[in-house]
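Enquirer: Note that UniProt numbering numbers the sequence shown so that position 285 is 285, with each residue one more than the last. All C-beta atoms, glycine included, are put in the ideal place defined by N, C-alpha and C.
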Amino acid sequence: MTERPPGPATEGDDEVVVPVFFLSDSTGISAETMGNALLIQFPDVRFERTVIPFISSVEEAREVVAQLDEVMAGPVAPLVFTTAAVDEVRAELMRTKAPIIDFFGLHMDRVEAQLGARGLREARRLHGLGDVRRYNDRMAAIEFAIEHDDGLSPRGLDRADVVLLAPSRCGKTPTAMYLALQHGLFVANYPLVDEDLETTDLPRPVRDLADRCFGLTTTVARLSRVRQERRPDSRYASEEQCRFELRRASAMYDRHDLPTVDTSAASVEEIAAVVIQTLARQRRSLARAQSGHDLHRGRTNR
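#1: Any idea which residues DSSP pairs V163 with across the strands?
#2: Just the Cα atoms here: how many angstroms apart are L179 and V187?
#3: Taking the beta strand (DSSP E) that P75 falls in, what are its first and last residues?
#4: Closest to I276 by CA distance: which of P259, F22, R288, G156 is it?
#5: Round the Cβ separation of V64 and I55 to the nearest angstrom and send it over; I've been treating them as touching at under 8 Å.
#6: DSSP has T50 in a bridge; who is on the other side?
#7: Can you grab the Cα-Cα spacing for the pair E88 / A266, in whole Å?
#8: Contact between the stretch 97-107 and the stretch 76-86 is defined here as three or more beta-carbon pairs at a separation below 8 Å; is this criterion met?
#9: Run through DSSP, which three-state label would A287 get?
#10: Rounded to a whole number of angstroms, what is the C-alpha to C-alpha distance between G35 and V16?
#11: Leaving aside the five residues before and after P19 along the sequence, list all residues of the same chain whose C-beta is less than 6 Å from its C-beta, in chain order.
#12: V261 lies in the beta strand (DSSP E); which residues open and close that run?
#13: Just confirm the distance between the C-beta atoms of R255 and T200, as a whole number of angstroms; I'd bet it's less than 8 Å.
#14: In or out: P6 buried (at least 16 other Cβ within 10 Å) or exposed?
#15: Helix, strand or coil for D102, going by three-state DSSP, please let me know.
#16: Please say whether L157 and F203 have beta carbons closer to each other than 8 Å?
#17: Secondary structure at T82, three-state DSSP: helix, strand or coil?
#18: Is it buried or exposed, R159, if we count other Cβ atoms within 10 angstroms and call 16 or more buried?
#19: Looking at the unbroken alpha helix (DSSP H) that takes in C242, where does it start and where does it end?
#20: Can you give me the start and stop residues for the alpha helix (DSSP H) that F144 sits inside?
#21: Compare the beta carbon distance of G171 and I271 with 8 Å and say whether it is the shorter of the two.
#22: Output needed for I142: all residues of its chain with C-beta closer than 8 Å, excluding positions within five of it in sequence on either side, in chain order.
#23: To which residues of the same chain is V86 closer than 7 Å at the C-beta, ignoring the five residues directly before and after it?
#24: Using 8 Å for Cβ pairs, my map puts L216 next to L164. What's the rounded Cβ distance?
#25: Look at the Cβ atom of T263, then the Cβ atom of T218, and state whether they are nearer than 8 Å.
#26: If we ignore side chains and look at the alpha-carbon of each, how far apart do L286 and S224 end up?
#27: Using DSSP with H/G/I as helix, E/B as strand and the rest coil, what is K172?
#28: Could you round the C-beta distance between F104 and R118 to whole angstroms and report it? I think they count as a contact, below 8 Å.
#29: Quick check: what's the CA-CA separation for E198 versus A140?
#30: Under a three-way DSSP split, which group does G119 fall into?
#31: Among residues of its own chain, excluding the 5 on either side of D150, which ones have a beta-carbon nearer than 6 Å to its beta-carbon?
#32: Is N189 buried or exposed, if buried means 16 or more other CB atoms sit within 10 Å of its CB?
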């Protein structure tokens, strides 16, 4: 494998776009996630991303190598991230002339050395059907999130791991769906409307679930902007209405000491991470109160 010296793409030229490829013999989600975690550190560089998943044979790997080498012959050298686990596929991918960052190869040898055992080196689909129980849990969680989106149904709310409270358009639905899909959590979300905000009491349907409630908030400017896209020039989108709803929602959160997440500058992944960490802390506190020992991290009882 040969590497070309850095070109104008690394010098902040807005006209240059760096091709980026995420390769995997599975879904490609891990390669994309880890690769993007590095790319986000270069905000002044423009990237064109391509995901190539399920490279399951040497023949398919050769086709990918040919594609990469063709791009390598172009004006800008690509970046290639791979998490391919199968040795034969990995070996073939490494034949490319393009610079390649092999996450699996970088770390697997060290893990094997630490454990004193050799890993299977098989394509195991973290987000597939390999773990049927986990897959079924996630599908059930998604169904629950859909059924309990925007307070659609009070039925079975006591089964919720998390209840997201917020005025409309603060990020409840995407956060609920992400927590369901990625973590298998049963998440309900409840919109706070003017009627709910007349008092700092929790809305009746979630009044007995305060220990599972999370409050979402944002800035007046951002909420007004998002609502303008939905209902332009309406009272609903006015800064005055947004300010009122956010102020009253914060008063409710404060009264009940609810954990709160500001969604104005946070991605859904970051919001979900805060929720997960808070749940873990609550479980540890509960465990210490009950037995003096930490709980292992897991699902809340329903």
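Expert: Straight from the coordinates:
#1: Stepping through the sequence shown from its first residue, residue 163 is reached at position 163. According to DSSP, residue pairing for V163 in a beta bridge involves A188, C213.
#2: Residue 179 sits at position 179 when you count from the first residue of the sequence shown. Residue 187 sits at position 187 when you count from the first residue of the sequence shown. Going by C-alpha positions, L179 is about 7 Å away from V187.
#3: Within the sequence shown, residue 75 is the residue found at index 75, counting from 1. In this chain, P75 is not harboured by any beta strand (DSSP E), its DSSP state being neither H nor E.
#4: Translated into positions along the sequence shown, residue 276 becomes position 276. Minimum Cα-Cα distance from I276 among the listed residues P259, F22, R288, G156 corresponds to P259.
#5: Taking the first residue of the sequence shown as 1, we reach residue 64 at position 64. Taking the first residue of the sequence shown as 1, we reach residue 55 at position 55. Confirmed, about 6 Å.
#6: Here residue 50 corresponds to residue number 50 of the sequence shown, with the count starting at 1. DSSP, once it has assigned bridges, lists F21 as partnering T50.
#7: Translated into positions along the sequence shown, residue 88 becomes position 88. Translated into positions along the sequence shown, residue 266 becomes position 266. In this structure, the CA atom of E88 is about 40 Å from the CA atom of A266.
#8: Yes: the two stretches touch, three or more of their Cβ pairs being nearer than 8 Å.
#9: Position 287 of the sequence shown, counted from the first residue, corresponds to residue 287. Under the three-state reduction of DSSP, A287 is assigned to helix.
#10: Along the sequence shown, read from residue 1 onward, the residue named residue 35 stands at position 35. Along the sequence shown, read from residue 1 onward, the residue named residue 16 stands at position 16. Distance between the alpha carbons of G35 and V16: 19 Å.
#11: Position 19 of the sequence shown, counting from 1, holds the residue named residue 19. Taken in chain order, the residues that qualify are E48, V71, P78.
#12: By one-based count along the sequence shown, residue 261 stands at place 261. For V261, the enclosing beta strand (DSSP E) covers residues 260-262.
#13: Here residue 255 corresponds to residue number 255 of the sequence shown, with the count starting at 1. Here residue 200 corresponds to residue number 200 of the sequence shown, with the count starting at 1. Beta-carbon to beta-carbon, R255 and T200 are separated by about 4 Å, close enough to satisfy the 8 Å threshold.
#14: Counting from 1 along the sequence shown, the entry for residue 6 is found at position 6. Residue confidence for P6 is low, a pLDDT of 44 falling below 50, so the modelled location carries little weight and cannot support an answer.
#15: As a position in the sequence shown, residue 102 is number 102, starting the count at 1. Correct three-state label for D102: strand.
#16: Mapped onto the sequence shown, residue 203 falls at position 203. Mapped onto the sequence shown, residue 157 falls at position 157. First, the amino acid is wrong: residue 203 is Pro here, not Phe. The criterion of a C-beta distance shorter than 8 Å is not satisfied by P203 and L157.
#17: Residue numbering aside, residue 82 sits at position 82 when the sequence shown is read from its first letter. Three-state result, T82: strand.
#18: As a first step, residue 159 must be located in the sequence shown, where it is residue number 159. Exposure of R159 is indicated by the presence of fewer than 16 other C-beta atoms within 10 angstroms of its C-beta.
#19: Reading the sequence shown from its first residue, position 242 is the one you call residue 242. Here the alpha helix (DSSP H) through C242 covers 239-255.
#20: For this step, residue 144 is matched to residue 144 along the sequence shown. Unbroken alpha helix (DSSP H) run through F144: 132-147.
#21: Translated into positions along the sequence shown, residue 171 becomes position 171. Translated into positions along the sequence shown, residue 271 becomes position 271. Result yes, Cβ atoms of G171 and I271 sit closer than 8 Å.
#22: As a working note, residue 142 is residue 142 in the sequence shown. M177, A180, L181.
#23: As a first step, residue 86 must be located in the sequence shown, where it is residue number 86. Spatial neighbours of V86 in its own chain (CB-CB distance under 7 Å, excluding positions within 5 residues in sequence) are listed in chain order as D25, R121, E122, A123.
#24: Looking up residue 216 in the sequence shown gives position 216. Looking up residue 164 in the sequence shown gives position 164. The Cβ separation is near 6 Å, so the contact holds.
#25: Here residue 263 is taken as the residue at index 263 of the sequence shown, counted from 1. Here residue 218 is taken as the residue at index 218 of the sequence shown, counted from 1. A contact, by the Cβ cut-off of 8 Å.
#26: Counting from one through the sequence shown, the residue named residue 286 turns up at place 286. Counting from one through the sequence shown, the residue named residue 224 turns up at place 224. Taking the straight line joining both Cα atoms gives about 39 Å.
#27: The sequence position of residue 172 within the sequence shown is 172, counting from 1. Residue state for K172 is assigned as helix, using DSSP reduced to three classes.
#28: The sequence position of residue 104 within the sequence shown is 104, counting from 1. The sequence position of residue 118 within the sequence shown is 118, counting from 1. That pair is no contact at about 14 Å.
#29: As a position in the sequence shown, residue 198 is number 198, starting the count at 1. As a position in the sequence shown, residue 140 is number 140, starting the count at 1. Whole-angstrom Cα-Cα distance: 35 Å.
#30: The sequence position of residue 119 within the sequence shown is 119, counting from 1. G119 falls in the coil class under three-state DSSP.
#31: Reading the sequence shown from its first residue, position 150 is the one you call residue 150. The residues are P191.
#32: Against the sequence shown, residue 189 aligns to sequence position 189. Result: buried.
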